[in-house]
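In this note's numbering, the protein residues as written are 38 to 358.
Here a beta-carbon is modelled for each residue, glycine too, at the ideal position from N, C-alpha and C.
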Amino acid sequence: QDGVPDCIAKLARANIQIWVLTGDKVETAINIALACNLINNKHVLEKVVLPDPPSITPSGQNWETFMEETRRQRHEMVKLQLTNALDVVKACEETRNHLTSLIIDGYALAYALADEHETRESGALLRFSDRCKAVVCCRVSPKQKADVVELVRTKKGVITLAIGDGANDVGMIMKAHIGVGISGNEGVQAVMASDYALGQFRYLDQLILVHGRWDFQRIAVVIKYFFYKNVGFTFVTFLYGFATCFSGTTIWDDYYQSVWNVIFTSLPILACSIFDKDLYYQATLHAKPELYKEVQSGKEFTATRFLVWNIDAVWMAVCVF
38 QDGVPDCIAK
48 LARANIQIWV
58 LTGDKVETAI
68 NIALACNLIN
78 NKHVLEKVVL
88 PDPPSITPSG
98 QNWETFMEET
108 RRQRHEMVKL
118 QLTNALDVVK
128 ACEETRNHLT
138 SLIIDGYALA
148 YALADEHETR
158 ESGALLRFSD
168 RCKAVVCCRV
178 SPKQKADVVE
188 LVRTKKGVIT
198 LAIGDGANDV
208 GMIMKAHIGV
218 GISGNEGVQA
228 VMASDYALGQ
238 FRYLDQLILV
248 HGRWDFQRIA
258 VVIKYFFYKN
268 VGFTFVTFLY
278 GFATCFSGTT
288 IWDDYYQSVW
298 NVIFTSLPIL
308 ACSIFDKDLY
318 YQATLHAKPE
328 LYKEVQSGKE
338 FTATRFLVWN
348 IDAVWMAVCV
358 F
């Protein structure tokens with residue numbers, strides 16, 4: 038589709054790590070990643086690829102024993118490849134070269150996922166992926182796609198977004214925090230299972246960098262505002278109770294109490310959702326995706342800011358009383 042390389046480049050500039058989970062072969066997946074500007078010639082590609090498992094048992098050996106030994110050897114091979122790749126990445130960081138990408142196929146991914154599930158801490162796969170600009174998983178099944186998303190979501194503790202266009206992406210979309218479906222030639226299964234539907238992939242940057250940033254800022258303001266409104270309203274009544282010896286007399290007229298939540302609950306939300314835009318996306322948010330890092334830091338909604346709003350509400354109640 039048009040605009041995919043530019044969209045991925047903007048997401049990468051916004052400090053968003055991109056994982057590609059595809060059923061294509063390794064060579065095809067690498068070519069797609071190159072065409073989409075996910076990786077380039079400056080990247081150090083670390084491949085963790087296993088050959089197909091043997092289908093013939095050597096003469097004189099039991100099949101179950103042979104397969105168990107084969108699985109153990111392949112498991113150790115994957116761990117060794119990931120460990121060696123991690124050493125290479127550390128060496129690249131010492132030379133200030135951080136452009137490293139991981140290419141892993143479905144066979145190796147199965148053993149890497151098994152290794153991750155054995156411990157509560159991050160295994161070799163996640164430790165290595167933390168130092169990568171991009172991760173490309175090739176020849177993976179729909180179940181493996183969902184397992185990878187669930188692993189990243191639970192162990193890394195990050196917000197995950199999965200985007201797909203086919204029925205084989207439904208599991209992955211449902212496991213992520215945010216599911217996005219692309220309506221196209223693959224059908225509408227992904228769209229039906231998603232939270233958001235897009236016509237093309239290139240609209241993803243506007244969904245995340247523009248509306249995602251605005252929505253986070255608006256929700257942060259609205260949550261603090263609701264506590265501010267309710268604390269201020271209630272604390273005035275609380276102070277009035279001391280003046281009336283808690284006789285039950287209300288300081289507010291019945292009309293004020295009934296209209297308070299109608300006006301101060303609906304109108305501010307409508308105004309905030311329509312007019313609260315700190316920057317216009319055409320000139321700034323699209324041109325400078327780095328501004329999305331402010332959302333990732335969460336500085337708009339911190340314990341300090343929440344406490345300041347509540348202290349301000351108490352002070353406002355004292356002044357009103």
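Option in the options with minimal Cα separation from residue i
i, options, result
"Phe238", "Gln226, Val217, Leu246", "Val217"
"Thr137", "Lys170, Cys309, Ile219", "Lys170"
"Asp43", "Gly60, His323, Val355", "His323"
"Glu337", "Trp352, Asp315, Asn78", "Asp315"
"Ile55", "Ala46, Val63, Lys62, Asp61", "Ala46"
"Ile76", "Asp152, Glu153, Ile140", "Ile140"
"Ile219", "Ile306, Ala213, Gly203, Met353", "Gly203"
"Pro179", "Trp251, Asn298, Arg255, Ala199", "Ala199"
"Cys174", "Arg164, Val299, Ile67, Ala257", "Ile67"
"His214", "Gly224, Gln243, Thr197", "Thr197"
"Glu83", "Glu113, Leu117, Asn74, Gln110", "Leu117"
Backbone CA spacing between residue i and residue j [nearest angstrom]
i, j, result
"Ala350", "Asn267", "9 Å"
"Val207", "Gln181", "12 Å"
"Ala70", "Ser334", "28 Å"
"Tyr366", "Val228", "Since the first and last residues shown for the chain are 38 and 358, residue 366 lies out of range."
"Ile288", "Ser310", "32 Å"
"Phe264", "Val186", "35 Å"
"Leu246", "Ser231", "19 Å"
"Ala149", "Leu304", "52 Å"
"Ala340", "Gln38", "43 Å"
"Ala151", "Asn347", "47 Å"
"Gly278", "Lys212", "51 Å"
"Tyr144", "Thr65", "17 Å"
"Cys282", "Leu241", "59 Å"
"Ile260", "Gly285", "30 Å"
"Val355", "Phe272", "8 Å"
"Val345", "Met353", "12 Å"
"Gly205", "Leu58", "Just to set this straight, residue 205 is Asn in the shown sequence, not Gly. If I take the Cα positions, the gap works out to 11 Å."
"Ile256", "Arg250", "10 Å"
"Trp297", "Ala308", "17 Å"
"Gln243", "Tyr293", "42 Å"
"Ala72", "Lys79", "14 Å"
"Glu223", "Arg109", "38 Å"
"Leu235", "Thr302", "32 Å"
"Ala280", "Ile306", "34 Å"
"Lys270", "Phe165", "Inspection of the sequence shows that residue 270 is occupied by Phe rather than by Lys. Computed Cα separation, rounded: 52 Å."
"Ile300", "Asp167", "48 Å"
"Glu113", "Tyr262", "55 Å"
"Asp291", "Val258", "29 Å"
"His248", "Asn74", "24 Å"
"Val41", "Ser295", "52 Å"
"Asp252", "Thr274", "33 Å"
Whether residue i touches residue j by CB criterion (8 Å)
i, j, result
"Gly201", "Met209", "yes"
"Ala161", "Leu188", "no"
"Val115", "Val85", "yes"
"Leu343", "Leu276", "Note on residue identity: the sequence assigns Phe, not Leu, to residue 343. Contact flag unset, no."
"Val63", "Asp184", "no"
"Asp313", "Gln254", "yes"
"Val177", "Gly60", "yes"
"Leu146", "Glu153", "no"
Beta carbon proximity, residue i to chain C, threshold 8 Å
i, result
"Cys44", "The displayed structure is made up of one protein chain only, and chain C is not part of it."
heavy atom of the ligand SAH below 7 Å from residue i C-beta
i, result
"Gln333", "Of the ligands one can find in the structure shown there are none, so the ligand SAH has no counterpart to examine."
Review point. Residue ranges of each alpha helix (DSSP H) run of no fewer than 4 residues wholly in the region 130-162, ordered along the chain?
Key: 143-155
Check your understanding: If you pair each beta-carbon of the region 38-53 with each one of the region 327-343, do three or more pairs fall below 8 Å?
Key -> yes
Exercise for review: Check whether the region 157-171 touches the region 179-199, counting contact only when three or more Cβ pairs, one atom from each stretch, lie closer than 8 Å.
Suggested key: As far as the Cβ criterion goes, the region 157-171 touches the region 179-199, which means the pair count is three or higher.
Practice item. Could you pull out every unbroken alpha helix (DSSP H) segment of at least 4 residues lying fully inside the region 219-283, listed in chain order? Key: 226-230, 250-280
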